[in-house]
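Below is one structure; the comments refer to it alone.
Printed below as a string of structure tokens:
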């Protein structure tokens, strides 16, 4: 993408020099108009959601992806991914959605239920990329984020915490330990979700999750959230986190371990004399 | 003693004190005081010693806690997710004492674990008191003192939970605010008084702090003194057993037996609490972040002892229960689970000793405890209350149950709603049946003895099974009690056929009494015992088989 920008910049320079020489030419307004169109188009091309990784996915891959799609996904999503009642159309969902659903094993779906559950992925990386490429070729949608975009090291965990608790914690729990939704649906725990998948989930809003687009939460802020969640995995100060589920698990352990030991001791002390 | 011992340093000091205070009399009296022994008598001790740990660790925490709601920015390095965040000084000092003060986090965790154990042991202690009838005369007042301490312990726990001013504690306060506002007429004024204006205001943390470190522990300390004083004065109750009556206490002297035991138990308790504080993380406020009224995260629950109120709120249906009367809103959906339900629970618990004495017509002193089976209705009601408490507490954890057992949260709510009504009734009925069954079994055992497994065949071909009679101690345990009968009341008309005043009230009490004692199993009387020992061909058998002399024999045809 950056290369494209540079390229259009160099074009621009040439145009500007040519214009400087003949700025009063009668065709100048036409050229200016063309220039304006070109700039707008260029900027749009650079900023608009692109068909993901168009450079890396070849036509052959897309063909492979199409075959995989027709063998594994078309039964529900339709031969051309157009969807049907209760099954979403995949035109325009983008490579990120496919990569999220397939790499976490949610798709192909194991069985009908309140929501598709994560399971060991059914396709390897190449196949997933091919599928993503094929679906991305059907219509523009969010691209798979780059490694830099999801690098927890580069994010600000403190800002991530503030964003997480405002936007995510009501379903996913304060530290991402997961939570319940209506009718058997749930927000999964995020302890083991990869950084890329966390980012993609925000981008594409899988299942009950809302979409947090780049206008809502910017890519940098998304990375901050990833950074906050990754930090939580390092465990907590002060001992075993007991599942980080809050007062309920604490109460349970207070009875199971604390009162268990103390009553055990009381029985022992009481038995010592009689 | 061959030679006079020289007074030791301790002896000299004790003598010095005694000459000035005559404390020796008290020590002599207390040291010889006899206490009965049983592990359940130590549940209250767990509460007492965890309270001491609470005071010690709480004292440490007050050195570093700043009960202020002033807005400050966190400049510390740890934890990373707090860097540069805006927060109240209360929250700031909580995080700072956890990461900057040596031993601060350990002390916080010990304090919090101790609080959970403190309330837990009080509740268990209360179960023991309730199920064994230790609240009966003369201990009704001490029972009320204990119940007051339970309520104060809940208040201490809740105020402490709210102090760090994190999102979790703020959510809790918001619920309290809602419940207070639901009180008719005075609700909104009360809320404004409590929070010093609109929630959350700037006053609540300092106010809770004063309550938490001064008022509540002060009251608790005074009541603990009263509780123990009354316990010593009235002497401790004892479990039934041979030789134990309402007129004696069978046990060991306070010194040296209980002094040693209690000291040991104190070290065990403080050791366990410290171990928990050192190895098990609790209430990491920086996970929730400084309080902000907008976010409520999944898994937001109070500490376990408030769960039942939270659960009742979650079970209460919302729509249709908020009535607008003459322009005033009456939120029954908050008032019933938040105020009325706990009110009923604590009123029932407080009234129980007096209620039970009234329907039993009992004015005697009791120092020997009941076996729970011998009071089927009391035990049944206790278990029913326990079931209701547990159902409500489970309802507060509905989201965790849903995720951990892959269940539908709405289905859980409905199941628990049904269970809240059916569960206690069913538990009462089942418990009462089990108690009556156990009593029948006791009676059977006393009258017929243990099955020995020996079958004896007589010369004429008749078989009998030999039963071993119970030891006197075993018989005592199963026959010492009296099965109370329903109240007798005077007839509705007096001798001259005039309607008696107060008959209706008497009749109502009698009905309640019948509910308590209509179904009962009388313990075996000495006459029945004697009859059982001599019925059938027993004498004949004894003559024939000297080895089984004294055995109760039941014929089997």
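Residue numbers (full-length UniProt numbering), protein chains in the order written: chain A, 1 to 274; chain B, 1 to 557.
Using N, Cα and C, we set each Cβ at its ideal position, and we do this for glycine too.
From a predicted model like this one, the values you see are computed outputs, not experimental measurements.
query, result
"Apply the 10 Å Cβ neighbour rule to residue 161(A) and answer buried if 16 or more other Cβ atoms are within range, or exposed otherwise.", "buried"
"Output needed in chain order: residues of the stretch 140-167 of chain B with a Cβ under 9 angstroms from some Cβ in chain A.", "161, 167"
"Answer with buried or exposed for residue 147(A), where buried requires no fewer than 16 other C-beta atoms within 10 angstroms of its C-beta.", "exposed"
"In the structure shown, what three-state DSSP assignment does residue 264(A) receive?", "helix"
"I'd like the span of the beta strand (DSSP E) that includes residue 330(B), first residue to last.", "328-331"
"With DSSP run on the structure shown, which of helix, strand or coil describes residue 84(A)?", "strand"
"Quick one: Cα of residue 254(A) to Cα of residue 242(A), how far?", "11 angstroms"
"Grab me the residues of residue 563(B)'s own chain with a C-beta within less than 6 angstroms of its C-beta, minus the 5 sequence neighbours each way, in chain order.", "What the structure shows of chain B is the stretch from 1 to 557, and residue 563(B) is not part of that stretch, so it cannot be assessed."
"Tell me whether residue 450(B) is buried or exposed, calling it buried when 16 or more other Cβ atoms sit within 10 Å of its Cβ.", "exposed"
"Is the shortest distance between the beta-carbon of residue 265(A) and the beta-carbons of chain B less than 8 angstroms?", "yes"
"List, in order along the chain, the chain B residues whose C-beta lies closer than 8 angstroms to that of residue 248(A)?", "299, 301, 304, 307, 396, 397, 400"
"Taking just the CA atoms, how far does residue 302(B) sit from residue 74(B)?", "26 angstroms"
"CB-CB under 6 angstroms to residue 440(B), same chain, minus the five flanking residues each way: which ones, in chain order?", "521"
"For chain B, find out if any of its Cβ atoms is closer than 8 angstroms to the Cβ of residue 262(A); answer yes or no.", "yes"
"Hey, how far is the Cα of residue 335(B) from the Cα of residue 153(B)?", "23 angstroms"
"The ligand COA and residue 460(B): does the residue's C-beta get closer than 7 angstroms to at least one heavy atom of that ligand?", "By its list of ligands, the structure shown contains no ligand whatsoever, and the ligand COA lies outside what it can speak to."
"Scan the stretch 173-192 of chain A for residues whose Cβ lies nearer than 7 angstroms to a Cβ of chain B and list them as they occur along the chain.", "173, 174, 175, 177, 178, 179, 180, 182, 183, 184, 186, 187"
"What does the alpha-carbon distance come out to for the pair residue 25(A) and residue 139(A)?", "42 angstroms"
"Starting from residue 453(B), trace the beta strand (DSSP E) both ways and give me its first and last residue.", "450-457"
"I'd like the span of the alpha helix (DSSP H) that includes residue 38(B), first residue to last.", "Element bounds for residue 38(B): n/a, residue is neither H nor E."
"Check the Cβ of residue 410(B) against every Cβ in chain A and list those closer than 8 angstroms, keeping chain order.", "182, 183"
"In whole angstroms, what is the alpha-carbon distance linking residue 411(B) and residue 182(A)?", "10 angstroms"
"At what residue ranges does the stretch 26-113 of chain B contain a whole run of the beta strand (DSSP E), taking only runs of 3 or more?", "71-73, 86-88"
"Name the chain A residues whose beta carbon is nearer than 7 angstroms to that of residue 261(B)?", "269"
"Find the nearest neighbour of residue 235(A) within the set 287(B), 16(B), 189(B), 214(B), judged by alpha-carbon distance.", "287(B)"
"Just verifying my parser: in three-state terms, what is the DSSP assignment at residue 212(A)?", "coil"
"Determine, using beta carbons only, whether residue 296(B) comes closer than 8 angstroms to chain E.", "Within the model displayed, chain E is absent; protein chains A and B are what it includes."
"Where residue 538(B) and residue 444(B) are concerned, what is the direct C-alpha to C-alpha distance, given to the nearest angstrom?", "Confidence in residue 538(B) is poor, its pLDDT being 48 and thus under 50, which makes the residue's placement unreliable; the coordinate value appears in the next sentence. Cα to Cα, residue 538(B) sits roughly 17 angstroms from residue 444(B)."
"Distance, Cα to Cα, residue 78(B) vs residue 187(A)?", "29 angstroms"
"Buried or exposed for residue 64(A), please, with buried defined as at least 16 other CB atoms from any protein chain shown within 10 angstroms of its CB.", "buried"
"Roughly how many angstroms lie between the CA atoms of residue 433(B) and residue 373(B), to the nearest whole one?", "10 angstroms"
"Do you know offhand how far residue 34(B)'s Cα is from residue 15(B)'s?", "25 angstroms"
"Since residue 83(B) meets chain A, which of its residues come closer than 7 angstroms, beta carbon to beta carbon?", "158"
"Which one of 338(B), 448(B), 96(B), 325(B) has the shortest CA to CA distance from residue 529(B)?", "448(B)"
"Determine whether the Cβ of residue 236(A) lies closer than 8 angstroms to any Cβ atom of chain B.", "yes"
"Whether or not the stretch 411-425 of chain B and the stretch 494-507 of chain B are in contact is what I'm after, with contact meaning three or more pairs of Cβ atoms, one per stretch, closer than 8 angstroms; do they touch?", "no"
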